[in-house]
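Novice:
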Amino acid sequence: MRQKLFANLKSDIPASVVVFFVALPLCLGIALASGAPLFAGLIAGIVGGIIVGGLSGSKIGVSGPAAGLAAIVLTAIGTLGSYENFLVAVVLGGAIQIVLGFLKAGVIGYYFPSSVIKGMLTGIGIIIILKQIPHFFGYDANPDGYFAFFHADGENTFSALINTVKYIQPGSALIGVVGLAILLFWDIILSKKGKVFQIIQGPLVAVGVGIVFYVVTKSNEVLAIAPSHLVSVPIPEDVSSFLGQFSFPNFNVITNPEVWIIAFTIALVASLETLLCVEATDKLDPHKNITPTNRELFAQGTGNIISGFIGGLPITQVIVRSSANIQSGGKSKLSPIIHGFLLLISVIIMPRLLNMIPLSVLAAILLVVGYKLAKPEIFKQIYISGWKQFLPFMTTVLGIVFIDLLYGIALGMANGIMVILYKSYQNSHFLHKEGEDVDDGRMKMTLAEEVTFFNKGAILKELNNIPENSLLELDVRKTRYLDNDIIEILEDFAIKAEERNITIKLISERGVIENPSSYIDFFRLRPKAI
Numbered sequence: 069m070r071q072k073l074f075a076n077l078k079s080d081i082p083a084s085v086v087v088f089f090v091a092l093p094l095c096l097g098i099a100l101a102s103g104a105p106l107f108a109g110l111i112a113g114i115v116g117g118i119i120v121g122g123l124s125g126s127k128i129g130v131s132g133p134a135a136g137l138a139a140i141v142l143t144a145i146g147t148l149g150s151y152e153n154f155l156v157a158v159v160l161g162g163a164i165q166i167v168l169g170f171l172k173a174g175v176i177g178y179y180f181p182s183s184v185i186k187g188m189l190t191g192i193g194i195i196i197i198l199k200q201i202p203h204f205f206g207y208d209a210n211p212d213g214y215f216a217f218f219h220a221d222g223e224n225t226f227s228a229l230i231n232t233v234k235y236i237q238p239g240s241a242l243i244g245v246v247g248l249a250i251l252l253f254w255d256i257i258l259s260k261k262g263k264v265f266q267i268i269q270g271p272l273v274a275v276g277v278g279i280v281f282y283v284v285t286k287s288n289e290v291l292a293i294a295p296s297h298l299v300s301v302p303i304p305e306d307v308s309s310f311l312g313q314f315s316f317p318n319f320n321v322i323t324n325p326e327v328w329i330i331a332f333t334i335a336l337v338a339s340l341e342t343l344l345c346v347e348a349t350d351k352l353d354p355h356k357n358i359t360p361t362n363r364e365l366f367a368q369g370t371g372n373i374i375s376g377f378i379g380g381l382p383i384t385q386v387i388v389r390s391s392a393n394i395q396s397g398g399k400s401k402l403s404p405i406i407h408g409f410l411l412l413i414s415v416i417i418m419p420r421l422l423n424m425i426p427l428s429v430l431a432a433i434l435l436v437v438g439y440k441l442a443k444p445e446i447f448k449q450i451y452i453s454g455w456k457q458f459l460p461f462m463t464t465v466l467g468i469v470f471i472d473l474l475y476g477i478a479l480g481m482a483n484g485i486m487v488i489l490y491k492s493y494q495n496s497h498f499l500h501k502e503g504e505d506v507d508d509g510r511m512k513m514t515l516a517e518e519v520t521f522f523n524k525g526a527i528l529k530e531l532n533n534i535p536e537n538s539l540l541e542l543d544v545r546k547t548r549y550l551d552n553d554i555i556e557i558l559e560d561f562a563i564k565a566e567e568r569n570i571t572i573k574l575i576s577e578r579g580v581i582e583n584p585s586s587y588i589d590f591f592r593l594r595p596k597a598i
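Take 69 as the starting number for the sequence shown in my numbering and just add one per residue.
#1: Output the boundary residues of the beta strand (DSSP E) element that contains Val580.
#2: Would Val299 and Asn423 qualify as a contact pair, given that the criterion is a beta-carbon distance under 8 Å?
#3: Span of the alpha helix (DSSP H) holding Asp255?
#4: Pop quiz: Thr520 and Asp543 are said to be a contact at Cβ under 8 Å. What is the actual Cβ separation, rounded to whole angstroms?
#5: Can you tell me which of Ile581, Leu540, Arg578 and Glu577 puts its alpha carbon nearest to the alpha carbon of Ala565?
#6: So Thr349 and Gln368 are supposed to be a Cβ contact under 8 Å. How far apart are they, rounded?
#7: At the level of alpha carbons, what is the spacing between Leu311 and Leu92?
#8: Which whole-angstrom value describes the C-beta separation of Cys345 and Ile387, a residue pair presumed to lie in contact below a C-beta threshold of 8 Å?
#9: Determine whether the beta carbon atoms of Gln385 and His297 lie at a separation below 8 Å.
#10: Under the DSSP definition of a beta bridge, which residues are partnered with Pro426?
#11: Give a yes or no on contact between the stretch 77–87 and the stretch 348–367, applying the rule of three or more CB pairs nearer than 8 Å.
#12: Do Pro419 and Gly125 come within 8 Å of each other at the CB atom, strictly closer than that value?
#13: Classify Ile417: buried if its beta carbon has 16 or more other beta carbons within 10 angstroms, exposed otherwise.
#14: Would the stretch 180–189 count as touching the stretch 457–471 if we require 3 or more Cβ pairs under 8 Å?
#15: Consult DSSP for Asn569 and reduce its assignment to one of helix, strand or coil.
#16: Go ahead and label Asp472 buried or exposed: buried means 16 or more other beta carbons lie within 10 angstroms of its beta carbon, across all protein chains shown.
#17: What residue from Gly244, Pro271 and Val245 has the CA that sits closest to Trp254's CA?
#18: DSSP three-state call for Arg363: helix, strand or coil?
#19: Rounded to the nearest angstrom, what separates Ala138 and Pro105 at their Cα positions?
#20: What's the call for Leu430, buried or exposed, on a 16-neighbour Cβ count within 10 Å?
#21: So Val275 packs on Phe89, CB below 8 Å; how close in whole Å?
#22: For Tyr549, count neighbouring Cβ atoms within 10 angstroms of its own Cβ and tell me buried if that reaches 16, exposed if not.
#23: Closest to Ala241 by CA distance: which of Ile201, Asp560 and Val280 is it?
#24: What residues are listed by DSSP as bridge partners for Tyr207?
#25: Pull up the DSSP beta-bridge partners for Tyr451, would you.
#26: Since Ala99 and Leu381 are thought to touch, with beta carbons under 8 Å apart, how far apart are those beta carbons, to the nearest angstrom?
#27: Per the DSSP calculation, Pro133 is bridged to which residue(s)?
#28: Given this structure, state the Cα-to-Cα distance separating Leu155 from Gly97, to the nearest angstrom.
#29: Report the partner residues of Ile575 according to the DSSP bridge assignment.
#30: At the level of alpha carbons, what is the spacing between Pro295 and Ile243?
#31: Given that a residue counts as buried once 16 or more other Cβ atoms are within 10 Å of its Cβ, and exposed if not, what is Trp144?
#32: Which residues in the same chain as Leu108 place their Cβ atom closer than 6 Å to its Cβ, once the five residues preceding and following it in sequence are excluded?
#33: Could you give the first and the last residue of the continuous beta strand (DSSP E) run that contains Leu291?
#34: Under the rule that 16 or more other beta-carbon atoms within 10 Å means buried, what is His203, buried or exposed?
#35: Do you know offhand how far Gly503's Cα is from Arg510's?
#36: Anyone know if the C-beta pair for Ile293 and Gly239 falls short of 8 Å?
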């Protein structure tokens, strides 16, 4: 097992470094957007990498604080009165997730349509691009973890882009462009020239160049990068001040009903977001590994219990870091684990060095990640596959971009269900006229293998359109499930058929019956039918 884990070190170490640089500003930004201490975001990132990464069955998924929970956390802290009270809900939420894992609730993730999952990935890619453009040019009015369309300061995603033009910082923009050029040159050309360029990844070089640029230009009036445009990691002066950054839950409020409501909310939303990310990550995985979802819920629940006990934010598996891991060549769970240790080491021994990294360089890394998630070819592929795929896909994308992640997924699912209902309406039966003479009054209706109340409208329409003096052959030989609503429709139609002189021949596995006296009695006795 150990040999298998360390078999891909050459791929996993460079990928973990990339994920570390992507995760660092996100951990801080999401903490800021959540109204929590900045260190809480780093704790969640560390626990998500080391603990959840070790327990998870996913080889390439990366866990940490999630932007989708930021609004819930912000509201919950205010409702419960303090961050220490909120941590109780995080611990309880983790325990509930473990219970969900034991109850095999992970199967829920398999019921999300592929078009919605692809829409989620694409929408997140677009959001990453739109949100990082201001940071790329040195306009940092909103925290890195803020993914909603409408911002707390009254701005929205597009107004922030417009304002970016007015507040471009020359130093940030210049090193951002240089960093992006390094990333593209490394990805397109150098990575194919030799193994050394695959081990030393472009993002690491871009970050190194960014630090050198900051040091060289910090006294330059034009190109100097302001502290607000740099990574901001808390700097402890000594061991006691470092330990003082940890918070602990106040279990005196465990009897408060609001704590339990928030705990269940965190458990359900975090589990849903994790299961969606697992489904999406497995689709991105070039080796097509299948993540055991119930084990993932257990891993996430354990991570949330530990994170809550030491002052961290709630944890989920997150698609931005997971996709960065995949695109950087990560092949085993060692990559997420190493990224967690890198976060831990960085906040202990080199916070000052990290605080020299320009946010515009990290934005360049995320721009590349966002583009790979939302390539134009994806829209073309989904469009070619037909409207039944394209409609839920586009609804999900637009919902994520113009509202937020969970609303976008909900809208995409709603459209996906509408498509299913429409196809169910169409495919419940097959009706055609028999014989060469299409006007001979002979018609045949073949019911599908499963016919439910969703099919009532289509079957009613076809039965009502059968002309007088016709012969209807109703074939139920392949039908294994017939909803009681449909049986009642046939029972009612028998009365109309007699009035309109329509003869019904019921063809079943038991033979042919003409004008059955009771469809209810017939299907009650019929084997395998309901």
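For every residue, glycine included, the Cβ atom is placed at its ideal position computed from N, Cα and C.
Specialist: Per the coordinate set shown:
#1: Gly579 to Glu582
#2: In this structure, Asn423 lies closer than 8 Å to Val299 by Cβ.
#3: Membership of Asp255 in the alpha helix (DSSP H) is indicated by the continuous run Pro238 to Ile256.
#4: Contact doesn't hold; Cβ gap of about 18 Å is too wide.
#5: Among Ile581, Leu540, Arg578 and Glu577, the Cα nearest to that of Ala565 belongs to Leu540.
#6: Thr349 to Gln368, Cβ: 13 Å. No contact.
#7: 20 Å
#8: 5 Å
#9: no
#10: Leu298
#11: no
#12: Gly125 is not a Cβ neighbour of Pro419, given a cutoff of 8 Å.
#13: exposed
#14: Touching, yes, given that three or more Cβ pairs across the two stretches are closer than 8 Å.
#15: In this structure, Asn569 counts as coil in the three-state DSSP scheme.
#16: By the 16-neighbour rule on beta-carbons within 10 angstroms, Asp472 is buried.
#17: Pro271
#18: helix
#19: 13 Å
#20: buried
#21: Yes, they are in contact, since the Cβ atoms of Val275 and Phe89 sit about 6 Å apart, within 8 Å.
#22: exposed
#23: Ile201
#24: In DSSP, Tyr207 forms no bridge with anything.
#25: According to DSSP, which records beta bridges pairwise, Tyr451 is partnered with nothing at all.
#26: Ala99 to Leu381, Cβ: 6 Å. Contact.
#27: Ile383
#28: 19 Å
#29: Asp543 and Val580
#30: Taken atom to atom, the span from the alpha-carbon of Pro295 to that of Ile243 is near 15 Å.
#31: Trp is not the amino acid found at residue 144; the sequence shown has Ala there. The residue in question, Ala144, is buried, as its Cβ has 16 or more Cβ neighbours within 10 Å.
#32: One point to set straight first is that residue 108 is Ala, not Leu, in the sequence displayed. Taken in chain order, the residues that qualify are Ala99, Gly379, Gly380 and Leu381.
#33: Run containing Leu291: none; DSSP gives neither H nor E here.
#34: buried
#35: With a pLDDT of only 45 at Gly503, under the threshold of 50, the placement of this residue in the model should not be trusted; the figure read from the coordinates follows. Approximately 7 Å, taken between the alpha carbons.
#36: yes
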